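In my numbering, the protein residues as written are 345 to 447.
Even glycine gets a Cβ: it sits at the ideal position worked out from N, Cα and C.
As the structure is a prediction and not an experimental result, all values here were calculated from the model.
For reference, the structure is listed below as structure tokens.
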């Protein structure tokens with residue numbers, strides 16, 4: 345990997361791309377931030393497009409809002425029981441069966 349410190353060097357964009365075609369390049373900005381430019385494939389392009397899509401970000405926000413159970417509540421959620429409500433073993437089994445059939 346070739347390291348280019350932009351405090352000491354100022355290669356052109358064309359030069360940087362030529363270097364990146366030959367081997368990995370680590371760019372260190374004047375502020376000390378580090379970047380590794382690399383060729384983007386189709387997946388990278390799709391990720392960038394989705395990350396810049398307000399519609400997709402709203403969709404992800406709605407998914408986050410639907411997550412309401414804490415990790416402590418997960419076993420009860422999966423079994424169909426509700427926290428704080430005591431059920432008999434038979435009733436719990438029946439509840440699980442019904443909830444599975446509902447979905």
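Original post:
Hey, quick one: how far does the beta strand (DSSP E) through residue 370 stretch, first residue to last?
Top reply: 369-372
Original post:
Do the segment 346-359 and the segment 368-377 meet, that is, are 3 or more Cβ pairs less than 8 angstroms apart?
Top reply: yes
Original post:
How is the alpha helix (DSSP H) around residue 391 delimited, first residue to last?
Top reply: 386-395
Original post:
What are the boundary residues of the alpha helix (DSSP H) that includes residue 401?
Top reply: 398-410
Original post:
Taking the alpha-carbon positions, what's the residue 439 to residue 415 distance?
Top reply: Residue placement at residue 439 is flagged as unreliable, the pLDDT there being 41, under the threshold of 50; the coordinate-derived value follows with that caveat. Straight-line Cα distance between these residues: approximately 21 angstroms.
Original post:
Would you call the segment 402-409 and the segment 375-389 in contact, with 3 or more CB pairs under 8 angstroms?
Top reply: no
**OP:** Output yes or no for whether 7 angstroms exceeds the beta carbon distance between residue 381 and residue 364.
**Re:** yes
Subject >> Where the alpha helix (DSSP H) containing residue 357 begins and where it ends >> reply: 357-366
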